[in-house]
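Residue numbers (the working numbering): 565 to 878.
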């Protein structure tokens with residue numbers, strides 16, 4: 565049975581909400597299958613099956629709230645809000661748009677794009693040790709680096725230390741040419757790129773030369789105690805339980821640690837348990853430690869990439 569309802573939208577908000585040639589309304593129609601949206605002088609009329617109309621109305625109302633705070637409505641933003649609505653996380657729409665994780669060297673505000681990412685960043689800010697577990701593309705590494713850079717700028721820490729198991733679990737680096745930074749450069753490139761964006765490439769290079777930013781394979785963390793540092797262990801699914809215990813016991817006074825990995829991409833030899841799986845399960849109930857599980861819903865793609873993926877899946 566067809567159903568229709570009208571939504572009043574202020575004249576000065578209509579262009580921002582509707583988009584050029586009503587492209588945003590067409591995007592809503594594509595997401596909420598079966599609804600039709602008609603523009604009126606003072607708003608829109610939405611028609612279709614009642615349950616679908618209710619979803620479209622909720623989506624439009626949330627987008628209108630974002631328009632009111634100056635947010636630019638794009639196809640990607642519409643998809644993001646739609647995903648939050650259908651997953652029962654409508655309350656996260658405004659916080660995601662208003663909370664800033666960090667500011668890049670170029671002045672761009674870094675914000676979480678999913679409720680899972682927001683929970684992950686909140687956990688890093690509130691705990692001394694945070695495990696970020698999830699598939700590639702969920703922003704685990706970039707967001708950890710963004711918080712690390714923010715902490716350094718706020719003088720909460722004096723150093724940023726980046727590490728990971730360099731070559732699977734064995735870390736056989738001797739045959740690689742160059743100094744230690746050059747040896748591990750290919751493996752830590754995502755961390756370098758993120759730090760360069762957050763701090764500026766020149767500033768990042770200066771901090772690296774002064775030892776304020778340090779790069780080291782996991783094997784070289786043994787025997788050290790790290791005070792007033794923000795330490796990121798990336799690709800932690802490829803640590804053994806022994807390596808993970810060694811790493812976690814390096815934490816010193818006033819330090820923060822983030823351990824990231826994807827337990828679906830473990831490269832360890834058969835029969836060897838992942839240190840990430842073991843530690844996150846063992847320590848999940850310890851005060852001051854958070855375990856954040858990101859999912860496919862937290863994978864963030866450029867809007868065009870998402871459309872390309874959709875076409876290949878067809």
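Ideal placement from N, C-alpha and C gives every residue a C-beta, glycine not left out.
- Taking a C-beta distance under 7 Å as the contact criterion, residue 792 and residue 721 qualify as a contact pair.
- CA-CA distance, residue 821 to residue 675, rounds to 21 Å.
- Taken in chain order, the unbroken stretches of alpha helix (DSSP H) that lie wholly in the region 675 to 738 and span 4 residues or more are 679 to 690, 704 to 717.
- Taken atom to atom, the span from the alpha-carbon of residue 688 to that of residue 681 is near 11 Å.
- DSSP places residue 805 in the helix class (H, G or I) of the three-state scheme.
- From the listed residues 644, 569, 828, the smallest Cα separation to residue 615 is found for 569.
- Scanning 712, 779, 694, 709 for the CA closest to the CA of residue 849 turns up 694.
- Contact check for residue 755 against residue 768 fails: the beta carbons are separated by 7 Å or more.
- Taking 3 residues as the minimum length, the beta strand (DSSP E) runs contained wholly in the region 583 to 659 are 600 to 604, 607 to 613, in order along the chain.
- Residue burial annotation: residue 657 is buried, with at least 16 other C-beta atoms found within 10 angstroms of its C-beta.
- DSSP places residue 773 inside the alpha helix (DSSP H), whose first and last residues are 765 to 773.
- Under the DSSP assignment, residue 844 falls in the alpha helix (DSSP H) whose first and last residues are 839 to 846.
- Here residue 776 carries a coil assignment [DSSP, helix/strand/coil].
- Residue pairing by DSSP places residue 820 opposite 794 in a beta bridge.
- Judged by DSSP in its simplified three-state form, residue 872 adopts helix.
- Listed in chain order, the non-local C-beta contacts of residue 723 below 6 Å within the same chain comprise 776, 793, local neighbours out to five positions each way being set aside.
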